[in-house]
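K.L.:
Sequential numbering from 4 applies to the sequence shown in the working numbering.
Where a beta carbon is used, it is the ideal one built from N, C-alpha and C, also for glycine.
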Amino acid sequence: MQLGKTVLIKSKEIYVLRLICLLKLVIKVAEELRIDPWGTSYIKDYNRLMREFGIKPITKELLEELPSVHRLLRRRVIFGHRDLERIIEAIKTDSEYVVMTGIKPSGPFHLGSKLTAEEFIYFLNLFPKAFGYYAIADLEAYADNKIPLEESYKIAIDNLADLLALGLDPKRVYVYRQSEEMRVLRLAFIFSRGVTYNTLEAIYGDKPFGLYFSALVQAGDILAPQLPENGGPKPTIVPVGADQDPHIRLTRDLAQRFHSDFGFILPAATYHLLLRDLTGQEKMSKRNPMGILYLCEDLKLAKKKVFNAFTGGRATAREQRELGGEPDKCVIFRELLTVHFVEDDRKLKELYQECRAGNILCGECKARAWEIISEWLRRHREKKEKTRDLAAQLLQEHTLT
Ligand code: TRP
Ligand code: SF4
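#1: Just to confirm before moving on: does the CB-CB distance between V241 and T104 stay below 8 Å?
#2: Which one or two residues does DSSP pair with P60 in a beta bridge?
#3: Under 8 Å between the Cβ atoms of R279 and E353?
#4: Would you mind reading off the limits of the alpha helix (DSSP H) that contains H73?
#5: Flag V178 as yes when its Cβ comes closer than 7 Å to any non-hydrogen atom of the ligand TRP, and as no otherwise.
#6: Just how far apart, CA to CA, sit V80 and A372?
#7: DSSP state of V241, grouped into three classes?
#8: On a CA-only basis, which of K117, Y125, K149 and D86 is nearest V72? Give me that one, please.
#9: Output the residues surrounding the ligand SF4, defined as those with a CB atom closer than 7 Å to any ligand heavy atom, in chain order.
#10: Please report the residue range of the alpha helix (DSSP H) in which Y200 lies.
#11: Given 7 Å as the limit, tell me if Q399 has its C-beta closer than that to any heavy atom belonging to the ligand TRP.
#12: Check whether the Cβ of I38 sits closer than 7 Å to any heavy atom of the ligand TRP, and report yes or no.
#13: How is the beta strand (DSSP E) around I139 delimited, first residue to last?
#14: Take the Cβ of H401 as the centre, count every other Cβ of all protein chains shown within 10 Å, and call the residue buried at 16 or more, exposed below.
#15: Between Y100 and S116, what straight-line distance do the alpha-carbon atoms span, to the nearest angstrom?
#16: So, with DSSP's three-state summary, where would you put K15?
#17: So does the segment 149-169 actually touch the segment 379-392, counting three or more Cβ pairs closer than 8 Å?
#18: Have a look at I23, E121, F56 and A370 and flag the residue whose alpha-carbon is nearest the alpha-carbon of R255.
#19: As a quick exercise: from Y137, H343, L351 and L188, pick the residue whose alpha carbon is nearest that of E378.
#20: Can you tell me whether M287 sits near the ligand TRP, meaning its C-beta is under 7 Å from at least one heavy atom of the ligand?
#21: Can you tell which of D172, Y179 and K149 has its C-alpha closest to the C-alpha of A159?
#22: Could you check what DSSP says for T273 in three-state terms: helix, strand or coil?
#23: Between L36, P40 and V243, which lies nearest to S217 when the distance is taken from Cα to Cα?
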C-alpha cells in the first residue's frame, strides 16, 4: 500500500514538473520571438519572424504589379509586407491611398532614418492620388528617451529639412507633431478602451505606461487618416523597420475591433531589414560613435568612419588575391553600397565580382566607396541648405495656438 502511494505521488510530481518545463519552454519561445520596438535592433531569423507573425515575403510577382520598383524592394532590403496588395489594388482602380509613417525625433538623420524616409517618398511618388501623413513622434521621444518637447521640436525641424532634401513634395504631405495633433490623441484615448494591460504585456513585455501609451498614440497616427474629418476609410501603407511590427499588429487589431465605429480598412505595411552599424555590430547604439553615419556630419569624420568600417577582407593581401573577399559579410558592400549608395544594379554586380575574384583590395575599394558616398553627402547638404526655412514653416503651420 505504502509503496503504491509514493509511486502515485511521484508520478503526479513528475507530471507537474513536466508541465512546468513545458510552460517554461512556451514562455521562452514567446520571449525569444518578442520584438521590443524600444530596444531590439537585431533579429536573428527573419524567416521565422515571418512565419510566426504572418508577414509575407516580397515576391517577384508582387513587384511586377508595381508601376516602378525601388532599389530597396529590388534588393529585398524591404523583405516583407502585410497587405501590400491593397495598395496595388488602389493603383489599379485609380483610387486614393495614404502613405503614413513617423520618426522619433531623437537626433539628426542617419542612414537608418534615410531608409524610412526614402520608402515614404517612394510610395508617395508611386501614384498621383497618394497622400502622405508624417508623424513626428515627440511624445514617444519623451516617453522613451526623456527628450523635452521643446528640444524635439528643434530636432524635428532639422529632420524635416532632411526629408525635404531627400525629395519629399511638401504639397503632398501633412506633417505634424504627436503632442499637437488632437485627432490622433483623441483616437489614442478611444483605443485605450479596447486594450487591457494583459494584451499590451503580451505584445511588448512589462514596460512603463508611457511606452504603452505611445504605442496607442502610434495606432492613432496610423488610423487617423481614415477618420471622417480626414476623408474617411481608405487603404493605408506604413513603411517601417521590422522592429515596428508589434505596433503594426496592435494597430491592425484595433482597426478590426473598432471597425463598427469607424469602418477602418486594415493598414498595410512594408518592412525593411534592421541593418548593422558601420563597425559591423548588429545592435545599433549611439554609444558606439564610429558606428553611425549622419547625413550631415563633418566630411572628415564621415571619411574616418567609412575607412574604419567592417569589411569582408582577408587577413593578408596575398590571401585576398588568392581567395577573394567576402562581400556578403562586408559593411562597405552591403550596408553602404547595396542598401544606400549605388542605384545601378550592373555597377553593383561588377563590384561584387571584382571583390569575389580578389581583383581589388579593401583599401582601394574603400577609397572608391568614399568617392561615391562623399559626393552624395555633399549634394545632400547643399539641398538641405535650401529646405531649412520651409521645414520650420511646415511645422509651425501645424501648431495649435
Ligand atoms: N515608433 C516609430 C519609431 O520609433 C515612430 C512612429 C511614430 C511611427 N508614429 C508612427 C512609425 C506611425 C510609423 C507609423 O521610429
Ligand atoms: Fe568589402 Fe571591398 Fe573589401 Fe570586398 S574589397 S571585402 S567589397 S571592402
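P.N.:
This is what the structure holds:
#1: Closer than 8 Å, so yes.
#2: Per DSSP, G83.
#3: Taking C-beta atoms as the reference points, R279 and E353 fail to come closer than 8 Å.
#4: First-last for H73: undefined, no H or E at that position.
#5: Outside the cutoff, so no.
#6: V80 and A372 have their alpha carbons spaced roughly 19 Å apart.
#7: If DSSP states are grouped into helix, strand and coil, V241 belongs with the strands.
#8: For V72, the closest alpha carbon among the candidates K117, Y125, K149 and D86 is that of Y125.
#9: Taking a cut-off of 7 Å from the heavy atoms of the ligand SF4, the residues with a C-beta inside it are T314, G315, G316, G328, E329, P330, C333, I335, F336, L354, C358, I363, L364, C365, C368 and K369.
#10: First-last of the alpha helix (DSSP H) with Y200: Y200 to Y207.
#11: In this structure, Q399 has its CB at a distance of at least 7 Å from all heavy atoms of the ligand TRP.
#12: I38 Cβ: outside cutoff for every heavy atom of the ligand TRP.
#13: Note, I139: beta strand (DSSP E), A133 to I139.
#14: Looking at its Cβ environment, which holds fewer than 16 other Cβ atoms inside 10 Å, H401 is exposed.
#15: A straight-line Cα-Cα distance of about 23 Å links Y100 and S116.
#16: Helix.
#17: Contact between the segment 149-169 and the segment 379-392 is present: three or more C-beta pairs spanning the two stretches fall below 8 Å.
#18: Nearest of I23, E121, F56 and A370 to R255, Cα basis: F56.
#19: It is H343 whose Cα lies nearest to the Cα of E378.
#20: Answer for M287: no, Cβ out of range of the ligand TRP.
#21: Proximity to A159 across D172, Y179 and K149 peaks at Y179, based on C-alpha coordinates.
#22: T273 carries a strand assignment under DSSP once its states are collapsed to helix, strand and coil.
#23: Ranking L36, P40 and V243 by Cα distance to S217 puts P40 first.
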